[in-house]
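Single-structure report; data block below.
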Amino acid sequence: MNILIAGAGIGGLTAALCLQKSGHQVQLLEQAPEFTEVGAGIQCGANALRVLDYLGLKAEIEAIAVDPLRADFREHKTGAVLHSLTFGQDYAQRHGAPYLHVHRADLHQILANAFNDRAASAVTFNTTVASYIEQGDKVTVQTEDGRQFEGDCLVAADGVKSVIRDQLLGHRAPVFTGNIAWRGVVPADRLPADFMEKTVSNFVGANKHMVIYYLRRQQLVNFVGVVESDHWAEASWSQKAPWQELKNDFAGWHPTVQAVIDAVDKDQCYRWALHNHNPFDHWSSARVTLLGDAAHATLPFMASGAAMAIEDGRILQRALDQVSNVEQGLKLYQRNRLARTAKIQTMSTQMGRLYHIKKPFLLRMAFKALDLLPGKKDQFLPDYDANTVTIK
Ligand SMILES: Cc1cc2nc3c(=O)[nH]c(=O)nc-3n(C[C@H](O)[C@H](O)[C@H](O)COP(=O)(O)OP(=O)(O)OC[C@H]3O[C@@H](n4cnc5c(N)ncnc54)[C@H](O)[C@@H]3O)c2cc1C
Numbered sequence: 003m004n005i006l007i008a009g010a011g012i013g014g015l016t017a018a019l020c021l022q023k024s025g026h027q028v029q030l031l032e033q034a035p036e037f038t039e040v041g042a043g044i045q046c047g048a049n050a051l052r053v054l055d056y057l058g059l060k061a062e063i064e065a066i067a068v069d070p071l072r073a074d075f076r077e078h079k080t081g082a083v084l085h086s087l088t089f090g091q092d093y094a095q096r097h098g099a100p101y102l103h104v105h106r107a108d109l110h111q112i113l114a115n116a117f118n119d120r121a122a123s124a125v126t127f128n129t130t131v132a133s134y135i136e137q138g139d140k141v142t143v144q145t146e147d148g149r150q151f152e153g154d155c156l157v158a159a160d161g162v163k164s165v166i167r168d169q170l171l172g173h174r175a176p177v178f179t180g181n182i183a184w185r186g187v188v189p190a191d192r193l194p195a196d197f198m199e200k201t202v203s204n205f206v207g208a209n210k211h212m213v214i215y216y217l218r219r220q221q222l223v224n225f226v227g228v229v230e231s232d233h234w235a236e237a238s239w240s241q242k243a244p245w246q247e248l249k250n251d252f253a254g255w256h257p258t259v260q261a262v263i264d265a266v267d268k269d270q271c272y273r274w275a276l277h278n279h280n281p282f283d284h285w286s287s288a289r290v291t292l293l294g295d296a297a298h299a300t301l302p303f304m305a306s307g308a309a310m311a312i313e314d315g316r317i318l319q320r321a322l323d324q325v326s327n328v329e330q331g332l333k334l335y336q337r338n339r340l341a342r343t344a345k346i347q348t349m350s351t352q353m354g355r356l357y358h359i360k361k362p363f364l365l366r367m368a369f370k371a372l373d374l375l376p377g378k379k380d381q382f383l384p385d386y387d388a389n390t391v392t393i394k
């Protein structure tokens, strides 16, 4: 088939590589003039790594990643560990693939290079998809500047603000969740050598949390700090905000948090409002489907949005391989992704509430309760194998 994909983010590129492997012609249409990924980290579990391994990219990714020893959930002032998840060798043995931290730009570049090496045609940049028309056994995409592209089906991987989703499902405005998020990246050599073990540190409590972890073979430290707020509406990931407000938001927090905030370039602090969609009950028509954040944008509290987009691409490929009719293939893909992605959307929202519990005693009790459910959360995420799971 000739398959059009709108959006060359992590989701669009992974889907393109998967579909190519089944012999489809893929045209990737991207609004940006070139690839410029947001400078931030992605936590990549075994479920995502298995798909990237299928695409032959695991070794390349491992070479630029960090494999953390653990995730520690820590009380925001004292740093006392409330709960830990083990990664490293133990995780890789349990789940058959490692848990890695990857710089978004690095992962995006590896996917883009693979696409450019393997595709008959390169990504078409400067191409903002505006709408589509489904007619007979074809779909035609129209761009903002009046060009048209025709294919056998259209995959909308155009992110959380998807225009194709608006046409397919009707406009559903994302809802402000009452959380704003700070992010930044700090060169590790600005921090003391013993500043943090090779872990994910998630400082939690008092209506806020901050996640800190290493990137790019421990050369960089990434942080995301989430704060409850009534007053913020800007949803762009690339909106800068005053460093002093970041400092004020985390005043009195643990010295590790202060060290990162003090070391970040003061003009390189980004802040955006976290918006959410409730899970959709469908996202495909006869020739058009959604993928990644366009289909199921999720809060970042389970660090799983990109991983879901990566899984989507592989399941879409397998669904289209399994049945010869395009509409049935798209429905098969949708049917096998709706429940899993909705579960992760819902759980991500719940995790945010857990991290922000205000009373220290209740916070400790809540994390103790997680200890009593050994492995539950731990397993349904990483043990999903998009390469082999039965789809029906
Ligand atoms: C702070 C934060 C931390 C996160 N951490 C993690 C993590 O640790 N692990 C994880 O798995 N996920 C994480 N995520 C989620 C993850 O980043 C997203 O889920 C993922 O990037 C979604 O990929 P996507 O390809 O669907 O969308 P996007 O990355 O948004 O890509 C969409 C692409 O479509 C293009 N586009 C948009 N509109 C059009 C149009 N009309 N025409 C053509 N092109 C268009 C855009 O330019 C872009 O290239 C995090 C997210 C945030 C905000």
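At the far end of the sequence shown sits residue 394, using our numbering, and the numbering has no gaps. Don't be surprised by glycine CBs; every beta carbon is placed ideally from N, CA and C.
Query: Could you work out which residue in T129, H173, L356 is closest to G148 when comparing CA atoms only?; Result: T129
Query: Provide the residue(s) that pair with T145 in DSSP beta bridges, ordered along the chain.; Result: V131
Query: What does DSSP give as the partner residues of D74 in its beta bridges?; Result: S86, S203
Query: Using alpha carbons as the reference points, say which of N280, Q137, V213 lies closest to W255.; Result: V213
Query: Check this for me: beta carbons of A288 and E329, under 8 Å apart or not?; Result: yes
Query: Does the structure place the segment 14 to 25 close enough to the segment 43 to 59 that three or more beta carbon pairs sit under 8 Å?; Result: yes
Query: Could you check whether the Cβ of A74 sits closer than 7 Å to any heavy atom belonging to ligand 1?; Result: For clarity, residue 74 is Asp in the given sequence; the question names Ala instead. D74 Cβ: outside cutoff for every heavy atom of ligand 1.
Query: Give the DSSP-derived three-state secondary structure of S287 in the structure shown.; Result: coil
Query: Find out if the Cβ-Cβ distance for the pair I63, Q27 is shorter than 8 Å.; Result: no
Query: So what does H1 bridge to, in DSSP terms?; Result: There is simply no residue 1 to check, as the chain begins at 3 and stops at 394 in what is shown.
Query: Is the number of C-beta pairs between the segment 291 to 309 and the segment 148 to 164 that are closer than 8 Å three or more?; Result: yes
Query: From the DSSP output, which residues share a beta bridge with L276?; Result: N181
Query: Does DSSP classify G13 as helix, strand or coil?; Result: helix
Query: Entirely within the segment 150 to 181 and at least 3 residues each: give me those beta strand (DSSP E) ranges in chain order.; Result: 150 to 153, 155 to 158
Query: State buried or exposed for Q2, treating a residue as buried only when at least 16 other CB atoms are found within 10 Å of its CB.; Result: Because residue 2 is not part of the residues shown, which for the chain are 3 to 394, the question remains open.
Query: Excluding five sequence neighbours on each side, which residues of the same chain lie with their C-beta closer than 8 Å to the C-beta of S24?; Result: Q319, L322, D323
Query: Comparing alpha-carbon positions, which option in T258, L248, I166, H284 lies nearest S203?; Result: T258
Query: Would you mind working out which of R76, D108, R72 sits nearest Q91, comparing C-alpha positions?; Result: R72
Query: Per DSSP, P189 forms a beta bridge with which residues?; Result: L222
Query: Between P70 and Y215, is the Cβ-Cβ spacing less than 8 Å?; Result: yes
Query: Here's the rule: buried if 16 or more other CB atoms are within 10 angstroms of the residue's CB, otherwise exposed. What is R106?; Result: buried
Query: Which of the three DSSP states, helix, strand or coil, is assigned to Y216?; Result: strand
Query: Rounded to whole angstroms, what's the CA-CA distance from N338 to S231? Just pull it up for me.; Result: 36 Å
Query: Considering only the alpha carbon of each residue, which of E32, F197, F75, A61 lies closest to F369?; Result: F75
Query: Quick check: what's the CA-CA separation for W184 versus L193?; Result: 19 Å
Query: Could you give the DSSP three-state label for G307: helix, strand or coil?; Result: helix
Query: Could you check if K360 is buried or exposed, using at least 16 other CB atoms within 10 Å of its CB as the buried criterion?; Result: exposed
Query: Give the straight-line distance between the Cα atoms of P244 and T179, rounded to the nearest whole angstrom.; Result: 22 Å
Query: Excluding the 5 residues flanking C271 on each side, which residues of the same chain have their C-beta closer than 7 Å to its C-beta?; Result: W184, G186, K242, A243, W245, L248
Query: Go through its chain and collect everything with a Cβ distance to A388's Cβ below 6 Å, but skip five positions before and after it.; Result: V53, E313, R316, I317
Query: DSSP state of N250, grouped into three classes?; Result: helix
Query: What would DSSP say about T80, mapped onto helix, strand or coil?; Result: coil
Query: According to DSSP, is K394 helix, strand or coil?; Result: coil
Query: Give the range of the alpha helix (DSSP H) segment to which N338 is assigned.; Result: 328 to 357
Query: Check this for me: beta carbons of G43 and N224, under 8 Å apart or not?; Result: yes
Query: List the endpoints of the continuous beta strand (DSSP E) containing L59.; Result: It is not in any beta strand (DSSP E) - L59 carries neither H nor E in the DSSP assignment.
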